[in-house]
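Each residue of the sequence shown is one higher than the one before, starting from 568 at the first, in my numbering.
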Amino acid sequence: ACGHPHVNYWIHNGFVQIDNEKMSKSLGNFFTVRDVLKKYDGETLRAFILSSHYRGPLNYSDAALDEAKKALTRLYSALDKAPTDGTMDADAVAAFDEAMNDDFNTPKAFAVLFDLARRLNSGETALAATLKTLGGRLGLLQQNPATWLKGENSGSLSEADILARIHARAEAKAAKDYARADAIRAELAAQGIIIKDTAGGVEWRYE
Numbered sequence: 568a569c570g571h572p573h574v575n576y577w578i579h580n581g582f583v584q585i586d587n588e589k590m591s592k593s594l595g596n597f598f599t600v601r602d603v604l605k606k607y608d609g610e611t612l613r614a615f616i617l618s619s620h621y622r623g624p625l626n627y628s629d630a631a632l633d634e635a636k637k638a639l640t641r642l643y644s645a646l647d648k649a650p651t652d653g654t655m656d657a658d659a660v661a662a663f664d665e666a667m668n669d670d671f672n673t674p675k676a677f678a679v680l681f682d683l684a685r686r687l688n689s690g691e692t693a694l695a696a697t698l699k700t701l702g703g704r705l706g707l708l709q710q711n712p713a714t715w716l717k718g719e720n721s722g723s724l725s726e727a728d729i730l731a732r733i734h735a736r737a738e739a740k741a742a743k744d745y746a747r748a749d750a751i752r753a754e755l756a757a758q759g760i761i762i763k764d765t766a767g768g769v770e771w772r773y774e
């Protein structure tokens, strides 16, 4: 009816709790996935759900969703500017497959992804292909890292506003007005915007 084969397996998660309380209409804390997607993107929601084992309860809170987004940002940061056309790391693939074969142990599979990210950040750039591919098996890391890190739909400042402040900071540094330069950096940091001075210029991303 829908034009493609149905799923081969259906996994039902444990009960959803809201800030450690049972979710129910009678408690007034009931909402749908559509409601969540008004505040968070689908990939963040997917990462949040997969960070817990499906057999256990799922404790929803804005803080937990924020942590899931930060976790994804760490993975995307590791992939940023790294070539993703390399060969797969056999040991990492085996560890990931072992986790998924262990009763769909997605938290354990996540640990494999974060270990790959750690090694990538230590200079093992050839692992980028493995991280992106294994993340893709969970429906994660589907965006361009630069797009994710820029957070096009995040924050109260537009990209033009951010670039204007970065330009103003550069002018302040050129004039040796370091107090103003530091104040601009602090202003951006308060908005969740991280700037980094590099040999090729200033780079920025959302925290």
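The beta carbon of each residue, even a glycine, is placed where N, CA and C say it ideally should be.
State the beta-bridge partners of residue i as determined by DSSP.
i	result
Asn-672	Answer by DSSP bridge pairing: none, since Asn-672 is not bridged.
Ile-751	DSSP lists no partner for Ile-751.
Tyr-621	Answer by DSSP bridge pairing: none, since Tyr-621 is not bridged.
Given a cut-off of 7 Å, decide if residue j and residue i are closer than it, judged by their beta-carbon atoms.
i	j	result
Tyr-643	Leu-694	no
Leu-683	Leu-698	yes
Ala-739	Ala-748	yes
Leu-612	Val-583	no
Leu-617	Thr-673	yes
Ile-751	Ala-735	yes
Phe-677	Tyr-621	no
Glu-770	Lys-763	yes
Taking all protein chains shown into account, do 16 or more other C-beta atoms lie within 10 angstroms of the C-beta of residue i, making it buried, or fewer, making it exposed?
i	result
Lys-636	buried
Gly-702	buried
Gly-767	exposed
Tyr-576	exposed
Thr-599	exposed
Is residue i helix, strand or coil when you go by DSSP?
i	result
Asn-688	helix
Trp-715	helix
Val-574	coil
Asp-586	coil
Tyr-607	coil
Asp-745	What sits at residue 745 in the sequence shown is Tyr, not Asp. Three-state DSSP puts Tyr-745 in a helix.
Asp-764	strand
Leu-698	helix
Tyr-773	strand
Leu-639	helix
Considering only the alpha carbon of each residue, which of the options lies closest to residue i?
i	options	result
Val-603	Pro-572, Asp-633, Ile-751	Asp-633
Thr-714	Gly-623, Met-655, Arg-772	Arg-772
Asp-586	Ser-628, Pro-712, Asp-652, Arg-613	Ser-628
Ala-645	Thr-765, Val-574, Leu-617, Leu-680	Leu-680
Met-667	Glu-691, Thr-692, Ala-737, Leu-705	Leu-705
Ala-659	Asp-670, Asp-647, Arg-685	Arg-685
Gly-759	His-734, Ile-729, Asp-744	Ile-729
With a cut-off of 7 Å, does the C-beta of residue i fall near any C-beta of chain C?
i	result
Glu-610	The structure shown contains no chain C; it is built from a single protein chain.
Would you say the beta carbon of residue i comes nearer than 6 Å to a heavy atom of the ligand MN?
i	result
Ser-689	No copy of the ligand MN occurs in the structure displayed, which carries no ligand at all.
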